[in-house]
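Visitor:
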Amino acid sequence: MPKVSVYIPLYNREQSIGKAIEGLLQQSYKDFELIIIDDGSTDNSIEVVNKYNDKRIKVYQNSENKGVVYTRNRAFELASGEYLAINDSDDYSLPERLEKQVKFLDSNAQIGILGGKALRIDHLGEKRIWEYPNEPKNIKCRLFWGSSMINSTLMMRLKMMIENNLRYDENFPVAEDYDIFERAQNCFELRNLDEVLVKYYSHPANLTYTQNELMVNKAFEINMRQLTKLGVILNQIESEIWFKLFSYDFNFNKASLVILSSLGEKLIRANNQLMIYDENIFANQLSQRIYECLYHTKKYGSYKSFTKSTLMLHKSLSPIERMKFYISQFR
Numbered sequence: 087m088p089k090v091s092v093y094i095p096l097y098n099r100e101q102s103i104g105k106a107i108e109g110l111l112q113q114s115y116k117d118f119e120l121i122i123i124d125d126g127s128t129d130n131s132i133e134v135v136n137k138y139n140d141k142r143i144k145v146y147q148n149s150e151n152k153g154v155v156y157t158r159n160r161a162f163e164l165a166s167g168e169y170l171a172i173n174d175s176d177d178y179s180l181p182e183r184l185e186k187q188v189k190f191l192d193s194n195a196q197i198g199i200l201g202g203k204a205l206r207i208d209h210l211g212e213k214r215i216w217e218y219p220n221e222p223k224n225i226k227c228r229l230f231w232g233s234s235m236i237n238s239t240l241m242m243r244l245k246m247m248i249e250n251n252l253r254y255d256e257n258f259p260v261a262e263d264y265d266i267f268e269r270a271q272n273c274f275e276l277r278n279l280d281e282v283l284v285k286y287y288s289h290p291a292n293l294t295y296t297q298n299e300l301m302v303n304k305a306f307e308i309n310m311r312q313l314t315k316l317g318v319i320l321n322q323i324e325s326e327i328w329f330k331l332f333s334y335d336f337n338f339n340k341a342s343l344v345i346l347s348s349l350g351e352k353l354i355r356a357n358n359q360l361m362i363y364d365e366n367i368f369a370n371q372l373s374q375r376i377y378e379c380l381y382h383t384k385k386y387g388s389y390k391s392f393t394k395s396t397l398m399l400h401k402s403l404s405p406i407e408r409m410k411f412y413i414s415q416f417r
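Note that my numbering gives residue 271 to position 185 of the sequence shown, counting from 1, and the numbers run on in steps of one.
1. Just confirm the distance between the C-beta atoms of residue 89 and residue 129, as a whole number of angstroms; I'd bet it's less than 8 Å.
2. To test your reading of the DSSP string, which unbroken beta strand (DSSP E) runs of 3 or more residues are found completely within the segment 222-261?
3. By Cβ distance, which residues of its chain are closer than 6 Å to residue 273, with the 5 residues on each side in sequence left out?
4. Reducing DSSP to helix, strand and coil, say where residue 192 ends up.
5. Throw me the rounded Cβ distance for the residue 257 and residue 202 pair, which I believe falls under 8 Å.
6. Spell out the partners DSSP gives residue 167 in its beta bridges.
7. What are the boundary residues of the alpha helix (DSSP H) that includes residue 345?
8. Decide if residue 341 is buried, meaning its Cβ has at least 16 other Cβ atoms within 10 Å, or exposed.
9. For the putative contact between residue 308 and residue 265, defined by C-beta atoms under 8 Å, what is the C-beta separation to the nearest angstrom?
10. What did DSSP end up calling residue 179 once you bin it into helix, strand or coil?
11. I'd like to know whether the C-beta of residue 287 is nearer than 8 Å to at least one C-beta of chain C.
12. Are the segment 344-361 and the segment 309-321 touching by the rule of at least three beta carbon pairs closer than 8 Å?
13. Count the other CB atoms, across all protein chains shown, that sit within 10 Å of the CB of residue 103; report buried if there are 16 or more and exposed otherwise.
14. State the start and end residues of the unbroken beta strand (DSSP E) segment that holds residue 319.
15. Thinking just about the alpha-carbon of each residue, which of 142, 194, 287, 331 is nearest to the one in residue 167?
16. Determine the burial state of residue 95: buried for a count of at least 16 other Cβ atoms within 10 Å of its Cβ, exposed for fewer.
17. Taking just the CA atoms, how far does residue 179 sit from residue 91?
18. Residue 239 and residue 284 - do their beta-carbons sit closer together than 8 Å?
19. Taking residue 58 and residue 174 to be in contact with their CB atoms under 8 Å, please state how far apart those CB atoms are, rounded to whole angstroms.
20. At which residues does the alpha helix (DSSP H) containing residue 381 begin and terminate?
21. Taking the alpha carbon of residue 184 as the reference point, which residue from 176, 368, 244, 172 has its own alpha carbon closest?
22. Exposed or buried, residue 235, counting other C-beta atoms within 10 Å across all chains shown (16 or more means buried)?
23. If contact is defined by three or more beta carbon pairs under 8 Å, each pair taking one atom from either stretch, is the segment 216-224 in contact with the segment 148-163?
24. In the DSSP output, which residue or residues are listed as bridge partners for residue 216?
25. Quick check: the Cα distance between residue 358 and residue 364, rounded to an integer number of angstroms?
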């Protein structure tokens, strides 16, 4: 049996699937199988796949279009390796990706899911590094706000996933990665390597563009269940205000800003009691988020309300930040 099972979920990617396959066939690490699961493509994706004559490639086709969650879960059933890696059909793994991840997982048995950085390339060719925190405790706090790992960089310890009954949830047709990461961090440690592992190509056809509103709403569900773990129950007004903060909607009035600051203080107190998240990291991330909200809201008095709040204890403002924050209220 191969050490690693790599899988590509495929749907109508005739222009990019070839490059994704080539990136994997050129890996310095050779002990892997490549599982390609086609989800009812209507273009020539399968024809492109069939051009590659490599015994490590195994092609499966769903009877009809079943969706991303079904297709990703099918990979758990088909994989035979110790580790299960993901490579989405429009992304390219750099040559040493698998080798680096296998070496790290072999030496760190407590890690159940390992990711890394990506070089994000948009449809205009613009490039930027896409990254999340590296250490488990930082990832756990970042998961309070959204996904903290990049799908196409993932390598999972298959035994841990199976033992903890971790599968993608059909109730999350989008934000399915955020959902499974949030559940997984309750079972074992998650880690990101401080290295670029893949080239990630973003374009208007990506799921994150076409279903953005649904994604925000489903992600908010995950955030709300984390609030419940902290013992924090929001009323209708608080929930609406919290959703605006969560979704980066910075159109707040003065009354909302007061409620928001109070919510921030309440969350910090709740976590300090339950110790679910690292106290300092959680408080700093929360204060930073609310600071950004107040800065962009540009309401007179928001600077004063922030500096008087206990949130100020977790967000130190430089003289330049203080001046910019103050001036922004008069624009």
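From the three backbone atoms N, C-alpha and C, an ideal C-beta is built for every residue, glycine too.
Keep in mind it's a predicted model, so treat the numbers as computed, not measured.
Guide: Quick answer:
1. At roughly 33 Å, the Cβ-Cβ gap does not stay under 8 Å, so residue 89 and residue 129 are not in contact.
2. Listed in chain order, they are 241-243.
3. A distance below 6 Å between beta-carbons, with the five flanking residues on each side excluded, links residue 273 to the following residues of its chain, in chain order: 250.
4. Helix, per DSSP.
5. The C-beta separation of residue 257 from residue 202 comes to about 28 Å, leaving the pair out of contact by the 8 Å criterion.
6. Note: residue 167 sits in no beta bridge, so no partner.
7. Here the alpha helix (DSSP H) through residue 345 covers 340-360.
8. So residue 341 counts as exposed.
9. Correct: roughly 6 Å between the Cβ atoms.
10. Of the three classes helix, strand and coil, the one that applies to residue 179 here is strand, per DSSP.
11. Chain labels in this structure do not include chain C; a single protein chain is all it has.
12. Verdict: yes, contact present.
13. Burial of residue 103 is indicated by the presence of at least 16 other C-beta atoms within 10 angstroms of its C-beta.
14. No beta strand (DSSP E) contains residue 319, which DSSP labels as neither H nor E.
15. The closest CA to that of residue 167, considering only 142, 194, 287, 331, is found on 142.
16. A buried status is given to residue 95, since no fewer than 16 other beta-carbon atoms sit within 10 Å of its beta-carbon.
17. Each residue's Cα considered, the two are about 14 Å apart.
18. Yes. Within cutoff.
19. The displayed coordinates of the chain run from 87 to 417. Any statement about residue 58 would go beyond what the structure contains.
20. First-last of the alpha helix (DSSP H) with residue 381: 365-383.
21. Comparing Cα positions, the closest option is 172.
22. A buried status is given to residue 235, since no fewer than 16 other beta-carbon atoms sit within 10 Å of its beta-carbon.
23. The answer is no - the segment 216-224 does not touch the segment 148-163, with fewer than three Cβ pairs under 8 Å.
24. Answer by DSSP bridge pairing, in chain order: 204.
25. Inter-residue distance for residue 358 and residue 364 is about 9 Å (C-alpha atoms, whole angstroms).
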